[in-house]
Amino acid sequence: MRIAVLKELAEGETRVAATPETVKKFIGLGADVAVESGAGEQASIADADYSAAGASVGSRADALQGANIILAIQGPDPKGLSGFADGAWLAAGLNPFGERARVDEYAKLGLEALAMEFMPRITRAQSMDILSSQANLAGYKAVLIAANAYGRAFPMMMTAAGTVSAAKAFVMGVGVAGLQAIATARRLGAQVSATDVRAATKEQIMSLGAKPIFVETVAGIEGEGAGGYATEMSDEYKAAQAELVSSHIAKQDIVITTALIPGRPAPRLISDAQLATMRSGSVIVDMAAESGGNVEGSVSGEAKRIHGVTVIGAKNIAALMPADTSALFSRNLFNFLSAFWDKDAGKPVLDEEIGNAVRLTQGGKVVNERLLG
């Protein structure tokens with residue numbers, strides 16, 4: 001069993017899909033690990049560190065030669081993949097909805113493409129969930145990005161010259177990223193409030209010392225949406241939510257938006273008219289900018305000044321902390337493969353529940369129901 005670890009070639013991607021820690025663990029299972037030279041450089045991992053862990057280090061062609069499993073952060077360009085074993089697995093964040101044509105190419109190459117972001121939200125798969133591990137650190141970093149762009153202090157500060165009021169931070173969307181954003185803003189001393197369409201998150205918000213801001217006149221989602229995510233809401237709820245946000249957002253200094261719906265454009269949470277009511281100098285970090293944005297006018301990878309408000313369209317925030325995010329991502333991959341490792345076969349053998357959820361291609365065809373529906 002040969003495992004190849006590729007260097008990321010996508011613009012701005014600094015993470016790596018394996019660390020010396022997980023390389024040792026894979027070798028402990030009986031696998032050979034080959035790492036493309038320079039794969040860990042931007043995550044502060046030298047080629048020598050991989051060699052010391054027992055991996056062979058060489059060119060991309062060397063790493064792919066005879067590989068049974070290919071590990072990556074983002075889906076690699078199919079044109080650069082060759083030499084791997086028949087039926088090899090590709091395990092990475094493959095963006096199946098946004099890169100459907102690329103998925104088709106993986107099928108043509110004979111790869112069994114496994115989309116780690118399709119990991120089901122079930123208890124036994126928690127340690128394999130790349131979305132949660134990366135979102136946790138991204139939520140933390142989003143607040144730091146906002147703090148850096150905000151021209152004032154976060155905490156209340158009392159000085160001989162007078163008192164500096166605490167910043168008011170509002171988090172929209174209370175998933176993994178949102179919860180970490182709440183906790184981080186609180187640690188920095190801000191007055192924090194938060195909202196979500198899922199009623200169950202109200203208790204979570206309060207547990208972190210923040211104030212829940214919820215629509216009370218129209219029912220939202222009582223529990224979790226499909227797969228633990230929020231789902232599309234009724235027009236009546238959207239109208240009530242917009243009215244609530246309009247009255248609250250005008251008083252805020254910092255807003256972090258995190259709302260995503262898998263397979264669909266990000267829901268619009270803040271309109272241009274609502275932006276115009278905010279204080280000059282306020283900052284919004286739109287964590288959904290890559291999926292269309294929660295904020296009208298936000299652009300992925302750009303910071304724009306709109307009505308005196310700095311709107312930051314976040315792009316791949318996880319790549320801004322490559323050492324930590326790589327460590328977590330690589331552990332997700334190891335936890336996934338090792339959980340199904342068959343000692344007799346000397347390779348992982350997926351079960352039906354998780355295998356059917358993450359498998360995009362097999363036998364030269366696209367087989368995942370979410371892509372065929």
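Numbering (UniProt numbering), first residue to last: 1 to 373. Positions of the beta carbon are idealized from the N, C-alpha and C atoms, including for glycine.
### Query
What are the residues that DSSP puts in a beta bridge with residue 162?
Under the DSSP definition of a beta bridge, residue 162 partners with 159.
### Query
Tell me the DSSP bridge mates of residue 284?
In the DSSP output, where bridge partners are listed per residue, residue 284 has 255, 311.
#### Entry: Residue of 128, 75, 12 minimising C-alpha distance to residue 335
Taking each of 128, 75, 12 in turn and checking the Cα distance to residue 335, the smallest one comes out for 128.
#### Entry: Buried versus exposed call for residue 196 [16 or more other C-beta atoms within 10 Å across all chains shown]
Under a 10 Å Cβ-count criterion, residue 196 is classified as buried, with 16 or more other Cβ atoms of the shown protein chains found around its own Cβ.
### Query
Using the C-alpha atoms, what's the distance from residue 215 back to residue 236?
Straight-line Cα distance between these residues: approximately 11 Å.
### Task
Under 8 Å Cβ to Cβ from residue 367, same chain only, skipping five residues before and after it: list those, please.
The residues are 359, 360, 361.
### Query
Would residue 142 pass as a contact of residue 327 if the rule is Cβ separation under 8 Å?
The answer is no: Cβ separation not under 8 Å.
### Query
Does any heavy atom of the ligand MN sit closer than 7 Å to the C-beta of residue 177?
Ligands displayed in this structure: none; no statement on the ligand MN is therefore possible.
### Neighbourhood of residue 118 by C-beta distance below 6 Å, restricted to the same chain and skipping five residues each side
357, 358, listed in sequence order.
#### Entry: residue 114 - containing beta strand (DSSP E), residue span
Where residue 114 is concerned, the enclosing beta strand (DSSP E) stretches over 112-115.
### Message
By alpha-carbon positions, which one of 73, 32, 20, 70 ends up nearest to residue 47?
### Response
With distances taken between Cα atoms, residue 47 lies closest to 20.
### Task
List in chain order: all unbroken beta strand (DSSP E) runs of 3+ residues lying wholly within the region 38-105.
Listed in chain order, the beta strand (DSSP E) runs fully inside the region 38-105 are 56-58, 69-74, 89-93, counting runs of at least 3 residues.
### Task
Output the distance between the C-alpha atoms of residue 309 and residue 146, rounded to the nearest integer angstrom.
If you draw a straight line from the Cα of residue 309 to the Cα of residue 146, it comes to about 12 Å.
### Task
Specify whether the region 250-265 and the region 175-192 touch according to this definition: at least 3 beta carbon pairs, one from each stretch, less than 8 Å apart.
Flag = yes, the region 250-265 and the region 175-192 touch.
### Task
May I ask you to report which of helix, strand or coil DSSP gives residue 207?
Three-state DSSP puts residue 207 in a helix.
### Query
Nearest-angstrom Cα distance between residue 287 and residue 344?
Distance between the alpha carbons of residue 287 and residue 344: 44 Å.
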